[in-house]
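Visitor: Residue numbers (the numbering used here): 6 to 522.
Please see the structure below; I have some questions.
What follows is the structure, encoded as structure tokens:
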């Protein structure tokens with residue numbers, strides 16, 4: 006659930022609240038505020054003079070009750086910071102900070118006015134309204150699918166439902182918002198998937214949801230069940246799922262925006278037609294297996310499929326906007342459970358690539374799932390570039406916390422593109438070192454490789470990347486995004502409510518739009 010956004014020339018007659026965007030260091034003037042009449046305009050001027058804590062910095066909100074003559078009951082003054090510093094990201098931040106104020110006040114519908122300033126450099130007045138609206142919508146997201154639909158009590162605070170963006174050029178404003186909508190919808194779907202309880206989102210259920218949601222949008226779906234994976238020699242992902250009563254699945258999602266060339270069997274081999282591949286870890290619940298995790302906080306391990314959710318959300322965003330690009334998404338779906346059938350520390354398993362893997366810890370399962378996905382997508386789709394996403398290591402949270410996604414890349418140009426997309430979307434990436442040393446760190450004495458580094462906890466995220474590096478063919482551009490710290494939040498952020506974040510959808514969608522279409 007989230008707020009609805011409408012673009013109008015004038016507010017609806019039933020709208021009782023109005024929002025004015027104000028710039029730092031400027032007076033509250035202009036035709037929009039003057040439309041409140043003398044009493045309303047004077048009240049706002051007096052309020053700004055007397056409120057010493059409101060300086061119109063980005064996201065500051067001041068709520069005021071208006072006189073009856075103003076035509077509205079409530080006004081919200083929204084700080085936009087200095088006009089010369091205002092960017093699309095700051096506009097979204099302002100919208101995200103506005104939403105809690107609207108919700109707390111019990112406002113159901115509000116009209117947003119944004120005035121143009123000559124000092125605005127990087128954003129038009131129409132885009133400003135669109136990005137504030139996007140911030141409101143992103144922050145208003147709520148996962149309430151399992152809330153009982155009981156009648157609300159009379160004293161319950163109403164839910165904010167509709168934001169009206171008032172613009173003389175509503176066509177341009179609406180177009181600016183519509184360009185953002187596919188990314189927002191993809192992000193919401195990724196959040197929903199991460200927030201789903203593990204008793205409903207197990208591997209096969211996840212696979213069927215992907216098919217149901219994406220196939221009507223023109224995405225080709227291929228689901229590999231455990232029998233197909235056994236025939237293909239996918240011993241790594243199958244090992245992870247051995248302890249569960251719910252067997253693994255692998256799902257390929259092909260978006261052929263340039264046509265069907267080279268995204269499957271028998272396809273042409275022209276370099277121009279090769280797809281970009283997105284690979285996601287989809288462990289629908291991770292107990293750690295035989296190497297059992299502590300009980301405290303284990304309920305959050307339903308988010309261990311955040312990489313798969315981000316891949317799915319990105320594919321949906323591409324399909325919604327009919328992106329002119331060939332992209333294949335592949336997700337490995339498994340449940341890591343302890344049982345008499347579970348794989349064990351000490352086991353040696355054979356991956357789809359033919360490499361043997363010594364299992365030292367069953368809780369280092371995500372890299373096993375990704376290994377078979379990486380080798381399979383290269384053999385069947387011959388992508389020019391691969392980007393994988395995984396909630397892979399707790400070590401990444403130790404290193405970067407919850408603000409940045411640690412990113413490993415074997416190609417400087419690819420990293421530069423990702424860095425640019427990160428700066429545009431606010432989904433923060435930080436480059437980590439990718440060294441051949443990490444590949445050597447996971448070489449085993451009894452198998453080809455092992456699923457932990459030889460140095461134990463040292464450089465845990467780096468050795469995990471080194472493990473994956475063993476499955477990347479020469480000449481393939483590759484980046485690995487460890488989203489362990491960014492896929493799930495325990496507190497609200499301006500445009501990201503707590504719990505599943507949908508991290509990855511916006512940065513990948515922007516990367517593809519800017520560099521691969």
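Yeah, the Cβ is synthetic: ideal placement off N, Cα and C, and Gly gets one too.
1. Taking DSSP as the reference, what is the three-state secondary structure of residue 518?
2. When DSSP labels each residue in this structure, what does residue 193 get in the three-state scheme?
3. Assuming residue 8 and residue 139 form a contact by the criterion Cβ under 8 Å, report the distance between their Cβ atoms to the nearest whole angstrom.
4. If you reduce the DSSP assignment to three classes, tell me which class residue 51 lands in.
5. Using a threshold of 9 Å, state whether the C-beta atoms of residue 143 and residue 430 are closer than that.
6. Could you tell me which uninterrupted beta strand (DSSP E) segments, each at least 3 residues in length, are contained entirely in the region 461-487, listed from first to last along the chain?
7. Would residue 510 be called buried (16 or more neighbouring beta carbons within 10 Å of its own) or exposed?
8. With the cut-off set at 9 Å, would you say residue 173 and residue 124 are in Cβ contact?
9. Alpha carbon to alpha carbon, how far is residue 380 from residue 152?
10. Can you tell me the Cα-Cα spacing of residue 419 and residue 351, whole angstroms?
11. With a floor of 3 residues, list each beta strand (DSSP E) that falls wholly inside the region 310-382, ordered by position along the chain.
12. Where DSSP assigns a beta bridge to residue 10, which residues make up the other side?
13. Within the chosen definition, does the region 92-110 reach the region 40-47 through at least 3 CB pairs nearer than 8 Å?
14. With DSSP as the reference, label residue 300 as helix, strand or coil.
15. Would you tell me roughly how many angstroms separate the C-alpha atoms of residue 273 and residue 384, rounded to the nearest one?
16. Express the C-alpha separation of residue 80 and residue 52 in angstroms, rounding to a whole number.
17. Would you check if the distance between the CB atom of residue 4 and the CB atom of residue 322 is smaller than 9 Å?
18. Taking Cβ positions, are residue 74 and residue 42 nearer each other than 9 Å?
19. Quick one, which of 132, 202, 464, 30 has its alpha-carbon nearest residue 185's?
20. Between which two residues does the beta strand (DSSP E) carrying residue 390 extend?
21. Quick one: residues in its chain with C-beta nearer than 6 Å to the C-beta of residue 229, no 5 flanking neighbours on either side, listed in chain order?
22. Is it right to say residue 198 is buried, meaning 16 or more other beta carbons lie within 10 angstroms of its own, or is it exposed?
23. Tell me which same chain residues have a C-beta within less than 6 Å of the C-beta of residue 378, skipping the five on either side of it?
24. State the DSSP-derived secondary structure class of residue 451, mapped to helix, strand or coil.
25. For residue 422, which residues in the same chain have their Cβ closer than 8 Å to its Cβ, ignoring the five residues on either side in sequence?
26. Give me, in chain order, the residues of the same chain whose beta-carbon lies closer than 7 Å to that of residue 365; leave out the 5 immediate sequence neighbours on both sides.
27. With a CB to CB cut of under 7 Å and the five nearest residues on each side skipped, what residues in its chain are close to residue 175?
28. Does the distance from the CB of residue 91 to the CB of residue 61 come in under 9 Å?
29. In this structure, does DSSP put residue 508 in helix, strand or coil?
30. So, helix, strand or coil for residue 112, using DSSP?
Guide: So, from the listed chains and residues:
1. It is helical.
2. Residue 193 falls in the helix class under three-state DSSP.
3. Cβ-Cβ separation between residue 8 and residue 139: approximately 11 Å, too far for a contact (criterion under 8 Å).
4. In the structure shown, residue 51 falls within a helical segment according to DSSP collapsed to helix, strand and coil.
5. No; because the gap between Cβ atoms is not below 9 Å, this pair is not in contact.
6. The DSSP assignment places complete beta strand (DSSP E) segments of no fewer than 3 residues inside the region 461-487 at 482-487, in order along the chain.
7. Counting the other CB atoms within 10 Å of its CB gives residue 510 a total of 16 or more, which places it among the buried residues.
8. Not in contact: residue 173 and residue 124 (Cβ atoms no closer than 9 Å).
9. Using only the alpha carbons, I get a separation of about 41 Å.
10. Going by the C-alpha atoms only, they are around 37 Å apart.
11. The qualifying runs are 331-341, 353-355, 361-363.
12. Paired residues: 168.
13. Taking 8 Å as the limit for Cβ pairs, the verdict is that the region 40-47 does not touch the region 92-110.
14. Coil at residue 300, not helix or strand.
15. Model confidence at residue 273 stands at a pLDDT of 42, short of 50, so the residue's coordinates are unreliable and nothing is read from them.
16. About 11 Å.
17. This structure gives no information on residue 4, because the portion of the chain shown stretches from 6 to 522.
18. For the pair residue 74 and residue 42, the CB atoms are nearer than the 9 Å cut-off.
19. Minimum Cα distance to residue 185 is reached at 132.
20. For residue 390, the enclosing beta strand (DSSP E) begins and ends at 390-395.
21. Taken in chain order, the residues that qualify are 255.
22. If you draw a 10 Å sphere on the C-beta of residue 198, you find 16 or more other C-beta atoms in it, and that means buried.
23. Excluding sequence neighbours, residue 378 sits near 284, 335, 337.
24. In the structure shown, residue 451 falls within a coil segment according to DSSP collapsed to helix, strand and coil.
25. Around residue 422: 516, 519, 520.
26. Within the same chain, and ignoring the five residues on either side of residue 365 in sequence, the residues whose Cβ sits closer than 7 Å to its Cβ are 350, 455, 456, 457.
27. Answer for residue 175: 12, 13, 14, listed in chain order.
28. For residue 91 and residue 61, no; Cβs fall outside 9 Å.
29. Residue 508: coil per DSSP, three-state reduction.
30. If DSSP states are grouped into helix, strand and coil, residue 112 belongs with coil.
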